[in-house]
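Asks:
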Amino acid sequence: MRARDLMQPEVFTTNPSESLTDAARRMRDHEVGSLLVMGQHKEILAVISERDLLQVMADGIAPRLTPVAVCMTRDPVTVTPETGLQRMAELMARYGIRHLPVVEQGVPVGMVSARDLIWVDAAAERRTGGVGA
Amino acid sequence: MKARVSDVMSRPPVVIAADATFKAVALLLHEHGVGAMPVVDGAGRVIGVLSEADLVVKEERAYLESRPRFLQSHAVREARNKSEGRVVAQLMSSPAVVVTPDTSLQEAARIMQERGLRQLPVVDREGRPLGVVTRSDLLKVFLRSDNEIRHDLIQGLIVKGLGIDPSALTVSVDEGVATIKGTVEFRSDAQMLERLVPSQAGVVGVDIDVGFRVDDSETEPESSSPLAPPLW
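Just so you know, the sequences run in chain order A and B. Reading the first sequence from the start, the letters are residues 18 to 150 in this note's numbering. Reading the second sequence from the start, the letters are residues -10 to 221 in this note's numbering.
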């Protein structure tokens, strides 16, 4: 299983100056847990996730007045369409992240989330009939 | 009034018994499209939470075990022990970090961030599950429209909270900034508005110009004021 097979092929983006309220609304509308933050030249600058938004909330910062730039995670770890399942799981575990942008020649082509990986595993579990083996 | 966990949680919660199998829980999580479930004991009390993260440990273990033996460590043994658990009780994170329905949203957000959790069971005084509040549920307050905020100000705060006749006031909300004008009966009501409106969920700024007919303040009004309200 490679990123190509597991990724959600749609990419949802924002930019550093958009308000957190608008970013949160876009996540809800598309039912995703993170957005890619794109720069002026269509380059990937960062990722902003629900977790980043929640930190803003925990800090009591007003989201409408706060731009994405304040809480985004810069220089995100990315994978290519050919990256394997195990490598992706390893990256998520090592960096404590749940989303990996899939990038092909500098262009984002999809997103793999921890949830995508887990259900592969659960499906394999059911097929083999094994339990925690 | 100020938004609480009970305002945004999903209920009733999907729960799972401590002696359910790995397979059963994987299916349940999948079917209900949730990231985690409270685990309950025989008396129906929440004793832990089983999340996707507890299942993904299997993936991590595969990676760890692929490395040379000398690099394997405590982490690999931990991961192995965790994923070999045959029933929920051995896989879950326990004890459960829980909140009550009256926990504020900001406090719930803080607990999730500190513990690195994506959801919290909401329990009653006996520890029985009432619902689950997720990160997405909390973030709903980020998404409030001006109309929703205005409705909450009028129905929740002005009518229900303070018992003020709303026809005496003009309330508008623009980009989260609440403007309230008019004249109320008592000075104490005008003061309560000024004090409480800024803390309503979604309100980012206020412009309050409310007069009164009767000065009912006998003592220094600030003496009974609550602490400066947070934004949430």
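All C-beta atoms in this analysis are idealised placements derived from N, C-alpha and C, irrespective of residue type, glycine included.
1) What residues from the region 21 to 52 of chain A come within 7 Å of chain B, judged by C-beta to C-beta, listed N to C?
2) Can you tell me whether R114/B is buried or exposed? The criterion is at least 16 other CB atoms within 10 Å of its CB, across all chains shown.
3) Just list the beta strand (DSSP E) runs in the region 179 to 211 of chain B, keeping only unbroken ones of 3 residues or longer that don't cross its boundaries, in chain order.
4) By a C-beta neighbour count over all protein chains shown, 10 Å radius and 16 as the cutoff for buried, is H21/B buried or exposed?
5) With a cut-off of 8 Å, do at least 3 Cβ pairs link the region 131 to 146 of chain B to the region 23 to 42 of chain B?
6) Can you pull the chain A residues whose beta carbon is under 8 Å from the beta carbon of E164/B, in chain order?
7) So, is the C-beta of E121/A closer than 7 Å to a C-beta in chain B?
8) So which residues on chain B does L71/A lean against when the C-beta distance must stay under 8 Å?
9) Does the region 122 to 141 of chain B touch the region 95 to 111 of chain B, meaning 3 or more C-beta pairs lie closer than 8 Å?
10) Under 7 Å between C-beta atoms, does L132/B make it to chain A?
11) How should Q57/A be labelled, buried or exposed, when 16 other C-beta atoms within 10 angstroms of its C-beta is the threshold for buried?
12) Look up V122/B in the DSSP assignment and give the residues it is bridged to.
13) Report the three-state DSSP secondary structure of G37/B (helix, strand or coil).
14) Considering A167/B, what are the terminal residues of the beta strand (DSSP E) in which it resides?
15) Determine the direct distance from the alpha carbon of V193/B to that of T83/A, and round the result to whole angstroms.
16) Return the bridge partner residues of M26/B from the DSSP annotation.
17) State yes or no: is the C-beta of A85/B within less than 7 Å of the C-beta of L127/B?
18) What does the alpha-carbon distance come out to for the pair R91/A and S66/A?
19) At a Cβ threshold of 7 Å, is Q95/B touching chain A?
20) With DSSP as the reference, please indicate the residues paired to S51/A in a beta bridge.
21) Does any residue of chain B have a CB that is nearer than 7 Å to the CB of G77/A?
22) Rounded to a whole number of angstroms, what is the C-alpha to C-alpha distance between L60/B and V88/B?
23) Closer than 8 Å is the cut-off here; do at least three beta carbon pairs connect the region -3 to 17 of chain B with the region 61 to 80 of chain A?
24) For V77/B, return the contacting residues in chain A, with the cut-off set at a CB-CB distance below 9 Å.
25) Quick one: what's got a C-beta closer than 8 Å to T38/A's C-beta in the same chain, skipping five residues either side?
26) Between which two residues does the alpha helix (DSSP H) harbouring M109/A extend?
27) On the premise that D178/B lies in contact with L146/B, defined as a C-beta separation below 8 Å, what is that separation, rounded to the nearest angstrom?
28) Are the region 110 to 119 of chain A and the region 85 to 101 of chain A touching by the rule of at least three beta carbon pairs closer than 8 Å?
29) So which residues on chain B does I65/A lean against when the C-beta distance must stay under 7 Å?
30) Please report whether the beta-carbon of V148/A lies at a distance below 7 Å from any beta-carbon of chain B.
31) Please list the partners that V87/B has in chain A, where partner means a Cβ-to-Cβ separation under 9 Å.
32) Is there a C-beta anywhere in chain A that falls below 7 Å from the one on F59/B?
33) Residues in the same chain with beta-carbon distance under 7 Å from L44/B, minus the five sequence neighbours each way, listed in chain order, please.
34) Can you tell me whether DSSP reads S156/B as helix, strand or coil?
35) What are the residues of the region 184 to 213 of chain B that lie near chain A, defined by any Cβ-Cβ distance shorter than 7 Å?
36) Just the C-alpha distance for S206/B and D69/A, rounded to the nearest angstrom, thanks.
Replies: Let me lay it out:
1) L37, T38, A41, R42, R45
2) exposed
3) The region 179 to 211 of chain B is shown to contain whole beta strand (DSSP E) runs of 3 or more residues at 194 to 203, in chain order.
4) exposed
5) With a cut-off of 8 Å, the region 23 to 42 of chain B and the region 131 to 146 of chain B do not count as touching, because too few Cβ pairs lie within range.
6) Going along chain A in sequence order, the residues near E164/B (Cβ under 8 Å) are R81.
7) no
8) A98, M101, Q102, R124, L127, L128
9) yes
10) Yes - at least one Cβ of chain A is within 7 Å of the one on L132/B.
11) exposed
12) L109/B
13) strand
14) DSSP places A167/B inside the beta strand (DSSP E), whose first and last residues are 166 to 175.
15) 11 Å
16) L39/B
17) no
18) C-alpha separation (whole angstroms): 12 Å.
19) yes
20) In the DSSP assignment, S51/A forms a beta bridge with S66/A.
21) yes
22) Since pLDDT at L60/B reaches only 49, below the 50 mark, its modelled position is unreliable, and the value read off the structure follows with that caveat. Each residue's alpha carbon lies about 39 Å from the other.
23) no
24) Going along chain A, no residue has its Cβ under 9 Å from V77/B, so there is no contact; the nearest lies around 11 Å.
25) Cβ within range, chain order: P80, R81.
26) 102 to 112
27) Wrong, their Cβ atoms sit about 11 Å apart, outside the cutoff.
28) A contact exists between the region 110 to 119 of chain A and the region 85 to 101 of chain A.
29) What I65/A touches in chain B: nothing, since even the nearest Cβ is about 12 Å away.
30) Note that V148/A scores 43 on pLDDT, short of 50, meaning its location in the model is unreliable and no value can be drawn from it.
31) Simply none; closest approach about 17 Å.
32) The pLDDT assigned to F59/B is 48, lower than 50, so where the model puts this residue is not dependable; a value taken from the coordinates is nonetheless given after this. Not closer than 7 Å to any Cβ of chain A, the Cβ of F59/B fails to qualify, so no.
33) A15
34) helix
35) V193
36) 44 Å
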